[in-house]
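Colleague: One structure, pasted below without further comment.
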Amino acid sequence: MPKQKEKGTSKETAHKKGHDFEKKVAKWAKRYFNAGEVKTNILMNGLRVKRPYEIDVHVHRKRFLSEANIWIECKDISSSIKRTHIFKLKSSAEDIEDAYNVDREDFYFDRLAFVSTSKFDVDALSYADDNDIACFHYDGKKYELKNQPSWL
């Protein structure tokens with residue numbers, strides 16, 4: 139009789155794989171952005187949603203008199219990154235900023251980045267460029283910036 143797969147194991151494995159990738163990105167981001175503080179999997183409220191957003195990686199960087207909060211969305215998937223992935227990040231960040239503006243959050247993200255193990259399609263990169271979102275491809279060894287946002 140063939141052995142049956144335990145219920146839920148592939149989803150749990152994918153979830154663990156995602157969290158492991160987020161930790162790897164957080165370690166890289168701390169060095170890359172010369173950040174004082176990097177956290178993974180924080181929850182933040184939006185104005186228009188009931189459940190909080192899960193922020194994969196939050197980078198807090200202070201330099202001289204300036205300060206930046208960077209949201210890094212991480213995707214360890216086999217299919218290419220589409221425009222909808224970038225759009226979702228942007229609209230979620232805007233919703234958190236709206237919550238900040240009415241004192242429902244303590245801060246908002248003034249910089250956005252996307253790190254993926256898969257390639258970005260041309261529409262995704264075009265949309266990211268138009269909205270100043272940094273896109274990085276991770277090939278298992280190095281992180282390569284795929285566009286040129288003004289803030290980097």
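Quick note: the sequence shown, position 73, residue 211 per this note's numbering, numbers continuous. A virtual CB, placed ideally from N, CA and C, is assigned to each residue, including glycine.
1. Residues in the same chain with beta-carbon distance under 7 Å from D259, minus the five sequence neighbours each way, listed in chain order, please.
2. Using the DSSP secondary-structure output, state which residues sit across from K177 in a beta bridge.
3. Report the rounded CA-to-CA distance for L185 versus C212, giving the unit in angstroms.
4. According to DSSP, is I210 part of a helix, a strand, or is it coil?
5. Who does R201 pair with in a DSSP beta bridge?
6. Using the Cα positions of K279 and T255, report the straight-line distance between them to the nearest angstrom.
7. If F225 sits next to Y265, beta carbons under 8 Å apart, how far is it from one beta carbon to the other, in whole angstroms?
8. Should S204 be labelled buried (16 or more other beta-carbon atoms within 10 Å of its own) or exposed?
9. Compute every distance between the C-beta of V260 and the non-hydrogen atoms of the ligand GTP, then say whether any falls below 7 Å.
10. So which of Y276, D270, F202 and Y281 has the shortest CA-CA distance to L287?
11. Looking only at its own chain, which residues have a Cβ that is under 7 Å from the Cβ of W166, when we skip the five neighbours before and after it?
12. Quick one, are the C-beta atoms of R242 and N172 less than 8 Å apart?
13. Given that a residue counts as buried once 16 or more other Cβ atoms are within 10 Å of its Cβ, and exposed if not, what is H223?
14. On a CA-only basis, which of S229, D214 and F247 is nearest H153? Give me that one, please.
Modeller: Taking the geometry as given:
1. Along the sequence shown, one-based indexing puts residue 259 at 121. Here the set comprises S218, I219 and K220.
2. Locating residue 177 in the sequence shown gives position 39, counting from the first residue. DSSP lists H196 as partners of K177.
3. Within the sequence shown, the letter at position 47 stands for residue 185. Within the sequence shown, the letter at position 74 stands for residue 212. Approximately 23 Å between the Cα atoms of the pair.
4. Here the question's residue 210 lines up with position 72 in the sequence shown. It is a strand residue.
5. Along the sequence shown, read from residue 1 onward, the residue named residue 201 stands at position 63. R201 pairs with S204.
6. Counting from 1 along the sequence shown, the entry for residue 279 is found at position 141. Counting from 1 along the sequence shown, the entry for residue 255 is found at position 117. If you take the alpha carbons of K279 and T255, they lie about 10 Å apart.
7. Position 87 of the sequence shown holds residue 225. Position 127 of the sequence shown holds residue 265. At roughly 7 Å, the Cβ-Cβ gap stays under 8 Å, so F225 and Y265 are in contact.
8. Within the sequence shown, residue 204 is the residue found at index 66, counting from 1. So S204 counts as exposed.
9. In the structure shown, the ligand GTP is absent, as is every other ligand, since no ligand is present at all.
10. Here the question's residue 287 lines up with position 149 in the sequence shown. Correcting the residue type first, residue 287 is Pro in the shown sequence and not Leu. The shortest C-alpha separation from P287 is found at D270.
11. Position 28 of the sequence shown, counted from the start, is the residue given in the question as residue 166. Closer than 7 Å at Cβ, skipping near neighbours: Y281.
12. For the purposes of this step, residue 242 is taken as the residue at position 104 of the sequence shown. For the purposes of this step, residue 172 is taken as the residue at position 34 of the sequence shown. Cβ atoms of R242 and N172: not closer than 8 Å.
13. Residue mapping note: residue 223 aligns to position 85 of the sequence shown, counting from 1. Buried: at least 16 other Cβ atoms inside 10 Å.
14. Within the sequence shown, numbered from 1, the residue matching residue 153 stands at position 15. The option with the nearest alpha carbon to H153 is D214.
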